[in-house]
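*Asks:*
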Amino acid sequence: MEEVKLMKGNEAMAEAAIRAGVDAYFGYPITPQSEVIEYLMHEEPFKRTGMQVLQAESEIAAINMVYGAAACGKKAMTSSSSPGISLKLEGISYMAGSELPCLIANVMRGGPGLGTIQPGQSDYSQAVKGGGHGDYRLIVLAPSTVQEMADFVDLGFELAFKYRNPVMILSDGAIGQMMEKVILPDQKERLSNEEVIKRYGSWATTGKPETRSRNIITSLDLKPERQELHNIHLQEKYKTAEINEVRYEEIQCEDADYILVAYGTSARISQKVVKLGRDKGLKLGLLRPITLWPFPKNIISKLADKAKGFLSVEMSSGQMIEDVQLAVEGKAPVAHFGRMGGMIPTPSEVLDAVEKEINKI
Amino acid sequence: MTTAVITPEEIIKKGKIVFKKTGLMNDATLSYCPGCGHGVAHRLVMEVIDEMGIGQDTIGVAPVGCSVLAYEFMNVDMQQAAHGRAPAVATGIKRVFPEKYVFTYQGDGDLAAIGTSETIHACNRGENIVIIFINNGIYGMTGGQMAPTTLQGMKSSTSPYGRVVETMGHPLKITEMVATLPGVAYATRQAVHKAKLVTKTKKALIKAFENQRDNKGTSIVEIVSNCNSGWKMTPVESNKWLDENMLTYFPLGDIKK
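Residue numbers (the numbering used here), protein chains in the order written: chain H, 1 to 361; chain D, 362 to 618.
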């Protein structure tokens, strides 16, 4: 039977992790996402499903614990907020290089540096362009509701294991902290050790039986010829993900003259802007990327054939706008509206910005 | 004068074997410098795991440093960890596979400099793992820079006039430090540059893995080793120097048992 609850985004994600059959969560407290580990410690999932929860000594330790568990073929995740994600990037790069599946949630706050504890979206480039060292990609999911905070845990792990690659949920302090109705997913069984060996024994370090050669998890290859081949393999994998995994939502784009592009909290606000604009007779539409990588460039390119202009709405100085511009390919003007440092834009100020841009066309 | 001649048949006769190739060591050529202690330490770890019959249930963690390629030589499932992070990686493994044997193999830069936090906190949680710590007082892999365990006055490429403790800090006795933690079941310091010490080190490793089997908490086995290349000595000179200098500051024996 459907279980409906009123929950914070962070709590919904934590509960969804238990229900997704996650084997281990490793984390370190940081505002505005500490509710994730608090909820898990309170729920004691080790009693419910056997899921392990551990408060690490640092974000660095937490991501490396994820590395160790993921390399065993287990479902492992961590969560943090912007400054903590910066610390995790070393481990994320190693996991991408070693092709390890895992889920990392970034409940973004404003930066740079210690910045603020209020919501932000200024880690877009860090999340979708790599962030850590080396040529790698994360599959990045951007929830805009508490429901999606819950739903993207299972989806995230599905994609992580499908591509043997880290997946990031890129949320923000508003989605993490606000309470909404959420339909909780059904409880999935955690995989038994036998099932883990059956599914992932070809690569995971599950203990070497005599029937196979040893499994090694490493991102190192001192021979450049082989390291290049490994990189080519990674790039081919990313290309496959770019073809298969693009997700987005179109809101009133069919007849739109002017299109807003926004994700997460900015998408929630932009949805209101579309309504306010339409009430005034402006044909506005919203394209909401659900996967920030792979970015929904084909649909934006298609929309650019008709639309007279685009506005990238972000709680940053303008990071996603670069991807929107690349997708639009100069077919229409692309502008940016954003607030920074933890400030959340109001629908009316976004609408003002839209009207200004429309007047320029 | 007559010379006793031993035929090959006599040598391999059952019951006469005093040493054989370790089952869990691969045939790969070791990447270590001739004279280095890593080879003996590798062999001992694999010998202990082999003799305990736990190879199928063991997952090892290789560090960054000279032993970054340890997974090439050890015939068990292995993970390579980021610099210093091996105890956190081992924690992740042990938490999802509590029934497996998990060990880290780390050098002094990895364990006692960049990984100090991971080392101390894994020990403080009493993670049921074995930490094998090779202390040769220098960064070998990167070409002989100063390590946290470099002795006072000892020359390295980043302390070319000798380590000055007033500005560079004192050599760190991290095994003594973690021995104070309740989570640590066993902390010992051994060496492998003499046959007698090799036997002792093996005993220490057996005890460490038995502790893990019996869920006793963290066991750390420090092995004071040489680095003839980094110390710019011949292997023989380096072993003598180790005996006369390293072991004075880092005395051998059990620190906690």
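For every residue, glycine included, the Cβ atom is placed at its ideal position computed from N, Cα and C. Everything numeric in this text was worked out from a predicted model, so none of it was measured.
#1: Whole-angstrom Cβ separation of Met607(D) and Val585(D), contact assumed at under 8 Å?
#2: Please list the residues of the region 75-87 of chain H that have a C-beta atom closer than 8 Å to any C-beta atom in chain D, keeping them in chain order.
#3: What residue range is occupied by the uninterrupted alpha helix (DSSP H) comprising His233(H)?
#4: Please tell me whether Leu141(H) and Gly156(H) are closer than 7 Å, where the distance is taken between their beta carbons.
#5: Under DSSP, the beta strand (DSSP E) around Arg288(H) begins and ends at which residues?
#6: Indicate the three-state DSSP secondary structure (helix, strand or coil) for Met515(D) in the structure shown.
#7: Can you tell me whether Gln252(H) is helix, strand or coil according to DSSP?
#8: To the nearest angstrom, report how far apart Thr116(H) and Glu57(H) are at their CA atoms.
#9: For Ala540(D), which option in Cys484(D), Gly384(D), Ala556(D) has the closest C-alpha, if you only look at C-alpha atoms?
#10: Would Gln126(H) count as contacting chain D if we go by Cβ distances under 7 Å?
#11: If you compare alpha carbons, which of Glu158(H), Glu194(H), Val350(H) is closest to Leu286(H)?
#12: Please say whether Pro347(H) and Leu292(H) have beta carbons closer to each other than 7 Å?
#13: Roughly how many angstroms lie between the CA atoms of Ala402(D) and Val553(D), to the nearest whole one?
#14: Quick check on DSSP: helix, strand or coil for Gln126(H)?
#15: Cβ closer than 7 Å: which chain H residues qualify as neighbours of Lys461(D)?
#16: Taking buried to mean at least 16 other C-beta atoms within 10 Å of its own C-beta, is Arg226(H) buried or exposed?
#17: Using the beta-carbon of each residue, which ones in chain H are nearer than 7 Å to Phe458(D)?
#18: Counting only the same chain and skipping the five closest in sequence on each side, list residues whose C-beta sits under 7 Å from that of Gly84(H).
#19: Straight-line CA distance for Met340(H) to Met315(H)?
#20: Please report whether the beta-carbon of Ala431(D) lies at a distance below 7 Å from any beta-carbon of chain H.
#21: Among residues of its own chain, excluding the 5 on either side of Arg446(D), which ones have a beta-carbon nearer than 7 Å to its beta-carbon?
#22: I think Phe310(H) touches Val261(H), with their Cβ atoms under 8 Å apart; what is that distance to the nearest whole Å?
#23: Ignoring anything shorter than 4 residues or poking outside the region 425-462 of chain D, list the alpha helix (DSSP H) runs there in chain order.
#24: Quick one: list the residues of chain H neighbouring Gln573(D), beta-carbon separation under 7 Å, in chain order.
#25: Report all residues from its chain with a CB closer than 8 Å to the CB of Ala24(H); omit the five preceding and five following residues, and keep chain order.
#26: The beta strand (DSSP E) spanning Pro596(D) covers which residue range?
*Replies:* Let's see:
#1: 5 Å
#2: Cβ contacts with chain D: Ala76.
#3: Unbroken alpha helix (DSSP H) run through His233(H): 224-244.
#4: yes
#5: 284-289 is the span of the beta strand (DSSP E), which, as asked, contains Arg288(H).
#6: coil
#7: coil
#8: 22 Å
#9: Cys484(D)
#10: no
#11: Selection Glu158(H), Glu194(H), Val350(H) evaluated against Leu286(H) yields Val350(H) as nearest (Cα-Cα).
#12: No, they are not a contact pair.
#13: 7 Å
#14: helix
#15: Gly207
#16: exposed
#17: Cys72
#18: Tyr28, Ile30, Glu59
#19: Met340(H) and Met315(H) have their C-alpha atoms some 6 Å from each other.
#20: no
#21: Gly476, Glu479
#22: 6 Å
#23: 431-434, 447-457
#24: What Gln573(D) touches in chain H: nothing, since even the nearest Cβ is about 14 Å away.
#25: Met51, Gln52, Val53, Leu54, Met65, Val66, Ala69, Lys74, Lys75, Ala76, Met77
#26: Note, Pro596(D): premise wrong, no beta strand (DSSP E); alpha helix (DSSP H) at 596-602.
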